[in-house]
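Written below as structure tokens is the structure these notes are about.
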Amino acid sequence: MHPTRIFKHPDELEQAWSLYKKDLDQKALDWVKIQYVGKEGEQKRDPYKLPYTQEGFEIFCYENYGQVDQYFKNAKGYYDEFVPICSHIKKTIRNNQITGGMLGIYNPSITQRLNSLVEKQETKIDASIEIDFTD
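My numbering applies: residue 850 is where the sequence shown begins, and numbers increase by one.
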């Protein structure tokens, strides 16, 4: 038995993705950085840039359409025609997070961990000990 599809066509999922990004822009207005600038101490409110996340997109879809994680998992190939848009969404999320981390918009260390980016250092130690038992 095939699961019931919330989205019948990949374009519908792509439309939900576009709406999610617009929704994030709106929510960013609730998250502001307040600074006081100039000698008069004028208040300046800068909205934060909110990162794209897989979890955020799935929550947005759940609240507006229904559960969508099955489209990304594609168990038993039920959602093969959605693979290209799901791949595009995942890559867009990753690119957004990495670029934001590199520019210092998002926390770089969290961005690295979320995207499995680790700096690998190899430390090699060669040691030998000579013991002279002749005395």
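Backbone N, C-alpha and C fix where the C-beta goes; we use that ideal spot for every residue, glycine too. This structure is a prediction, so every number in the text was calculated from the model and none was measured.
By DSSP, does residue i sit in helix, in strand, or in coil?
{"i": "P896", "result": "strand"}
{"i": "K882", "result": "strand"}
{"i": "E988", "result": "Past the boundaries of the shown model lies residue 988; the chain is included only from 850 to 984, so the question cannot be answered."}
State the Cα-Cα distance for the pair residue i and residue j, rounded to the nearest angstrom.
{"i": "Y928", "j": "Y920", "result": "6 Å"}
{"i": "G926", "j": "D918", "result": "14 Å"}
{"i": "E863", "j": "T853", "result": "18 Å"}
{"i": "T983", "j": "R962", "result": "55 Å"}
Which word fits residue i, buried or exposed, when buried means at least 16 other C-beta atoms lie within 10 angstroms of its C-beta?
{"i": "F909", "result": "buried"}
Shortest alpha-carbon distance to residue i belongs to which of the options?
{"i": "K939", "options": "N913, E907 and I978", "result": "E907"}
{"i": "I855", "options": "N944, I947, F931 and G949", "result": "F931"}
{"i": "N945", "options": "T960, S936 and W866", "result": "T960"}
{"i": "K871", "options": "G887, I947 and G905", "result": "G905"}
8 Å is my cut-off, CB to CB: does residue i come that close to chain C?
{"i": "Q864", "result": "Of the protein chains in this structure there is only one, and it is not chain C."}
request  = For the stretch 903-940, list the alpha helix (DSSP H) runs that are entirely contained and at least 4 residues long, ordered along the chain.
outcome  = 903-913 and 918-922
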